[in-house]
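Undergrad: Read in order, the letters of the sequence shown correspond to residues 107 to 804 in our numbering. For glycine and all other residues, C-beta sits at the position ideal for the given N, C-alpha and C.
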Amino acid sequence: MGGLGQPGNDVGCGGRSSRVGLGIAAGNAKVSSTLRGNFSDDKDRVLHATDIVRLISEHVTLNKKGREWACVCPFHDDHNPSMYVVPSKQIYHCFVCGAGGDAIKFVRDYHKMSFVEALQFLADRAGIKLTPRAPRSGGGLELPEGVEVGPEVSREDLARANRLALDFYRAILKHPDHGKAGRAILEKRGVSAETCERFQIGVAPDRWDGLAMFLSAKRVDVRPFLAAGLIRNRENGGGAFDMQRNRLIFPIFDQLGRVIAFGGRRINDQDEPKYINSTDSALFSKSSTLYALHLAGETIRAEKTAIVVEGYMDVIACHQAGVRNVVATLGTALTAQSARILSRLCDKVVLFFDGDDAGQRAADRAVEVLFASTLEVRIATMAGARQAGLTNAKDPDELVKQEGGVALLKRIINEATDALEYRFARLKSRLVGASMSQRSTVVEEEVRRLAELGLSAISPVKKQMIVKRVGELAGVGEEAIRRALAETRLGVRSARAAEGIETSGGAANGSAGAAVFQPTSEAEKLLRFVVAEPGLFKQLSATQRAAVCGVGIGSNLGGSVGRLVGAMAAVLADLPRDSDGGMVDRALRSMDEDGAEELRSGMIGAINRDYSGDEARMLADFQTTALRAEAEHLKTLAKDPTLPLMRKVQHEREARAVEAKIKGLGQVGVVASGGGVGGGMGGGSLGGGAVAPGRGPD
């Protein structure tokens, strides 16, 4: 790979070549095959076979925006679509938190996978067989930041343990004796064999050590099963016992359909508690998991509505009855993490609770969690349907099994109460019959809670409606409510400041270490153009290539961003002069440095954002930036104390000529055919023709 660093070319990358020549070659042998474009490398084959738009649309709702797609970013608490997916580049980028990259990076970050896991997942999805690899020492896979399993148990070990446990519970369900009681309950509840198979329902045997004995007989390492909370060691050291005993087993899957935990419902009504869920692990977080989302996700996206119920059996009954956009929380109220997951998939959430005291508390909590969300949130209760004499069913499970139950279920869902109206009704009930002092206390509590929930951050129209309604219920003017809110907000800020809590917005919830690139020189601006539109590299003159591959590029940025910018310049320096866009793009994608993919996607996203498909304006600005970078580089050479005086004078003269060309370009706005980017200075060309005048990116 010769190219830019050829001997005798002092305006080329010259002395840079010896340093950057090792930048790709050392420790990165796959680049040569990548540049040949034969996709023999596993990563390239997988990325080539993966449509990033389709992949991301399976996880969040995408909306067409010109040539790109936009969505709510899943990597921070996003309320407005700030992440863009660029099909032509097969990348994504969030303009708020900086998250971005290719398909592998998305899967890694979204599902907390290691590189190997993400590569395998996408390979399986595309039907690609990966090259067999020797196991790495230690056998462990990467864990999400802050999560520890222990030095001897990896996430892969936990996943295998869960799969083996699932096979065990499924086998027990079919056992003539051990599964009899469980099958009887499922039959009594009207759960079909097809539904059992779809939800992978199983049974834990009525004995203390059924699973433990099974593992012992199989001579399986029990440490992953202990870490997953499937078994526990006896205190007296006499072996292990099962955590799930004599229970129907409901496997809990992640969004990809991988079993990550188990819920157990008692078979004997005398056993306590009624339900036992797996403890949190490196694979499972109760607060960020919704039961049956892997089965309901497609329908939720299609109907743009999610129905959230309270129990496993409610979900199963609804799905069996044909209502398949239904999920359940896992023994808790809806959490902020679960709400964010739903906000990526749909526009409306209907919370369908029983309506008893526990159900009302769950509804209150869910309304608060979703208060500042852009989702349309509605509340439906079985209690309301019973009070109206529509049914005597106590939950959705019973309802859909009654004659006309499915139609009534849909009616209840369609007539669900707006979440704010539900909250106001609850407030009104607290004010009925209260004394003046009590009313004041209740209203002040409500105002304080609304401020804590983020009333100041929601849309002005919605905020005005809330203030007006609270004032009406309290019997006071809107201005009094506004003053109370202002005083409350000041108190909340002061308390947070005293506790050292950051109250400003920004990307605090975004991807850790996302690289934000703010160019400090014309060469760095030019690099951004080339990274975003690799085909432009071929259009650069020799001097312009020298500028974009300069040794000092990125040095003023400092930190990891500066290092990565320098590494990108080194990659370009090693490329042949006639490298086409595909070769440049593959070389940049092959960079193994941490953060390189995020930086690259950020550069692409910035260009797409600035020009929104206006190719003529983009090319005009690219041309101007290339000339400015050329002049900048020539001026730097003219100051080089090691050069002869005549050479320095020559570079100064060339720099003035380029500056004159820039000035003329701004006045005329037309490039003569054949002049191109480099014009007479470098012989590069954009192909001739007129180029509309444009502004140089700052």
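1) Tell me, please, whether the stretch 664-678 touches the stretch 174-188 by the rule of three or more beta-carbon pairs shorter than 8 Å.
2) Tell me, please, which residues DSSP counts as bridged to I413.
3) In the DSSP assignment, what residue or residues form a beta bridge with N339?
4) Determine whether the beta carbon atoms of E164 and G403 lie at a separation below 9 Å.
5) Check the DSSP bridge columns for H199 and list the partner residues they point to.
6) Can you give the Cα-Cα distance for F320 and E703, rounded to whole angstroms?
7) Run through DSSP, which three-state label would N498 get?
8) Do you know offhand how far L505's Cα is from R450's?
9) Can you tell me whether G395 is buried or exposed? The criterion is at least 16 other CB atoms within 10 Å of its CB, across all chains shown.
10) Between E639 and F530, what straight-line distance do the alpha-carbon atoms span, to the nearest angstrom?
11) Say whether chain C places a C-beta atom closer than 9 Å to the C-beta of N268.
12) State whether the stretch 533-548 contacts the stretch 505-515, with contact taken as three or more CB pairs (one from each stretch) at a distance under 8 Å.
13) Using a Cβ-Cβ cutoff of less than 7 Å, which residues in the same chain neighbour K195 once the five nearest sequence positions on both sides are dropped?
14) Which of helix, strand or coil does DSSP assign to E639?
15) In three-state DSSP terms, what is V309?
16) Along the chain, where does the alpha helix (DSSP H) containing F320 start, and where does it finish?
17) To the nearest angstrom, report how far apart L279 and D312 are at their CA atoms.
18) Assign A580 to buried or exposed, taking buried as 16 or more other Cβ atoms, counted over all protein chains shown, within 10 Å of its Cβ.
19) Does the beta-carbon of D420 have 16 or more other beta-carbons within 10 angstroms, so that it is buried, or is it exposed?
20) Measure from the alpha carbon of F89 to the alpha carbon of each residue in V637, P330, V326 and L559, then state which is nearest.
21) Please state if the CB of V667 and the CB of L705 are separated by a distance shorter than 9 Å.
22) Rounded to whole angstroms, what is the Cα-Cα separation between N352 and V473?
23) Quick check on F227: does DSSP put it in helix, strand or coil?
24) Please state whether the Cβ-Cβ distance between R715 and F201 is less than 9 Å.
25) Going by the DSSP bridge assignment, what does L74 pair with across the sheet?
26) Are the stretch 479-499 and the stretch 523-542 touching by the rule of at least three beta carbon pairs closer than 8 Å?
27) Determine the DSSP secondary structure at N662, reduced to helix, strand or coil.
28) Would you tell me roughly how many angstroms separate the C-alpha atoms of T731 and M689, rounded to the nearest one?
29) Runs of 4 residues minimum, wholly inside the stretch 665-715: which ones carry the alpha helix (DSSP H) assignment?
30) Give the C-beta separation of S384 and A367 to the nearest angstrom, bearing in mind that I take them to be a contact with Cβ-Cβ under 8 Å.
31) Would you kindly check if the distance between the Cβ of A287 and the Cβ of V309 is under 9 Å?
32) Cβ of V576 within 9 Å of Cβ of E551?
33) Could you check whether the stretch 325-342 touches the stretch 291-299, counting it as contact only if at least three pairs of C-beta atoms, one from each stretch, sit closer than 8 Å?
34) Just reading off the alpha helix (DSSP H) that V548 is part of, what are its end residues?
35) By DSSP, does S163 sit in helix, in strand, or in coil?
36) Starting from the C-beta of R430, find all residues in its chain whose C-beta is less than 8 Å away, skip the five residues before and the five after it, and write them out in chain order.
TA: Result, derived from the coordinates:
1) The stretch 664-678, when compared against the stretch 174-188, does not touch it at the 8 Å Cβ threshold.
2) Answer by DSSP bridge pairing, in chain order: V432 and V456.
3) A346
4) yes
5) Y190 and G206
6) 46 Å
7) coil
8) 29 Å
9) Looking at the sequence provided, one finds Thr at residue 395 rather than Gly. Within 10 angstroms of the beta-carbon of T395 lie 16 or more other beta-carbons, which makes it buried.
10) 53 Å
11) Here chain C cannot be found, since the structure has a single protein chain.
12) no
13) Residues of the same chain with a CB within less than 7 Å of the CB of K195, apart from the 5 flanking positions on each side, are I710 in chain order.
14) Note: E639 maps to coil in three-state DSSP.
15) The answer is strand: DSSP assigns V309 an E or B state.
16) In this chain, the alpha helix (DSSP H) harbouring F320 covers G316 to K324.
17) If you take the alpha carbons of L279 and D312, they lie about 12 Å apart.
18) buried
19) buried
20) The requested residue 89 is not part of the displayed model; the chain covers only 107 to 804.
21) yes
22) 36 Å
23) helix
24) yes
25) What the structure shows of the chain is the stretch from 107 to 804, and residue 74 is not part of that stretch, so it cannot be assessed.
26) yes
27) coil
28) Each residue's Cα considered, the two are about 23 Å apart.
29) 665-679 and 687-695
30) 4 Å
31) yes
32) no
33) A contact between stretches requires three or more CB pairs, one per stretch, nearer than 8 Å, and the stretch 325-342 fails this requirement with the stretch 291-299.
34) M542 to E558
35) helix
36) L401, A402, T405 and C424
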